[in-house]
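These notes concern the structure reproduced below.
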Amino acid sequence: GENVEQHPSTLSVQEGDSAVIKCTYSDSASNYFPWYKQELGKRPQLIIDIRSNVGEKKDQRIAVTLNKTAKHFSLHITETQPEDSAVYFCAASTASYDKVIFGPGTSLSVIP
Amino acid sequence: GAGVSQSPSNKVTEKGKDVELRCDPISGHTALYWYRQRLGQGLEFLIYFQGNSAPDKSGLPSDRFSAERTGESVSTLTIQRTQQEDSAVYLCASSLPWVSETQYFGPGTRLLVL
Chain A
17 GENVEQHPST LSVQEGDSAV IKCTYSDSAS NYFPWYKQEL GKRPQLIIDI
67 RSNVGEKKDQ RIAVTLNKTA KHFSLHITET QPEDSAVYFC AASTASYDKV
117 IFGPGTSLSV IP
Chain B
144 GAGVSQSPSN KVTEKGKDVE LRCDPISGHT ALYWYRQRLG QGLEFLIYFQ
194 GNSAPDKSGL PSDRFSAERT GESVSTLTIQ RTQQEDSAVY LCASSLPWVS
244 ETQYFGPGTR LLVL
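Note that the protein sequences, when read in sequence, are chains A and B. The working numbering puts the first residue of the first sequence at 17, with every later residue one more than the last. The working numbering puts the first residue of the second sequence at 144, with every later residue one more than the last.
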């Protein structure tokens, strides 16, 4: 089955700097890659997703890139703010009707 | 509209007792997931229901864990003979796959086994 790895497990950046979180997946059939943000004590929420027919997607300060050949995808957050501090989970799925497998998470701390 | 709800929000039980956790998905969502999240850890997939298809139970950690879903509505996760290692937050999520793969999570049930 699908296996998703995520690095780093923890990340600290200064406010205003960029943060990059990287994920790899094992199943070459995976074609949907969402990212969820979980603030302390709250439920995970989708922040951005990308499909295999697209190499990059941006939404304001957040961007995701996908390299299907290498089975890598990354989350980029620019101009980080303290409210970006949270745990970020990447995930992969093979189809709309298949389960989503999450990575272990990255705890991001943005230092004011 | 109403989001995903879960009950109870907190549950304290004694080792060896059975517990039942409930999830009410967003109305009309055909897909429903259960995850376990231990303190400071990731989202561990447990079980996935999609419409009338047979559920994907590949994530259930032992035969003490089972889940049912009534049609495309309420789901219950049952843990029999609870152990201390079952202590975690149990999260439920639902989605409508042919519209969007976005999973909408409930607030979770925090289970503590003493």
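Positions of the beta carbon are idealized from the N, C-alpha and C atoms, including for glycine.
Under 9 Å from the C-beta of residue i: neighbouring residues of chain A
{"i": "B/Glu228", "result": "Within 9 Å Cβ-Cβ: nothing; B/Glu228 doesn't reach chain A, min ~18 Å."}
C-beta neighbour in chain B for residue i, strict 8 Å
{"i": "A/Lys115", "result": "yes"}
{"i": "A/Phe89", "result": "no"}
{"i": "A/Ser68", "result": "no"}
{"i": "A/Ser109", "result": "yes"}
Neighbour list for residue i in chain A, Cβ cutoff strictly below 8 Å
{"i": "B/Leu234", "result": "Arg59, Pro60"}
Short CB-CB distance (under 8 Å) between residue i and chain A
{"i": "B/Phe208", "result": "no"}
Chain-ordered chain A contacts of residue i [CB-CB under 7 Å]
{"i": "B/Asp199", "result": "Lys115"}
Chain B contact residues for residue i, given Cβ-Cβ distances below 8 Å
{"i": "A/Gly121", "result": "Gln184, Gly185, Leu186"}
{"i": "A/Gly17", "result": "Ser201"}
Opening and closing residue of the beta strand (DSSP E) in which residue i lies
{"i": "B/Arg181", "result": "Where B/Arg181 is concerned, there is no enclosing beta strand (DSSP E), given that its DSSP letter is neither H nor E."}
{"i": "A/Asp75", "result": "72-75"}
{"i": "B/Glu244", "result": "243-248"}
{"i": "B/Pro198", "result": "Counting along the chain, B/Pro198 falls outside any beta strand (DSSP E), and DSSP gives it neither H nor E."}
{"i": "B/Leu257", "result": "Per DSSP, B/Leu257 belongs to no beta strand (DSSP E) and is neither H nor E."}
{"i": "B/Gln193", "result": "187-193"}
Chain-ordered residues of the stretch 40-59 of chain A with a beta carbon less than 9 Å from chain B: Under the 9 Å Cβ criterion, the stretch 40-59 of chain A contributes Tyr48, Pro50, Tyr52, Gln54, Lys58, Arg59.
Cβ-based contacts, 7 Å cut-off: residues of the stretch 241-252 of chain B near chain A: Only Trp241, Glu244, Thr245, Gln246, Phe248, Gly249, Pro250, Gly251 from the stretch 241-252 of chain B bring a Cβ to less than 7 Å from some Cβ of chain A.
Alpha helix (DSSP H) runs wholly inside the stretch 66-108 of chain A, at least 4 long, in chain order: Taken in chain order, no unbroken stretch of alpha helix (DSSP H) lies wholly in the stretch 66-108 of chain A with a span of 4 residues or more.
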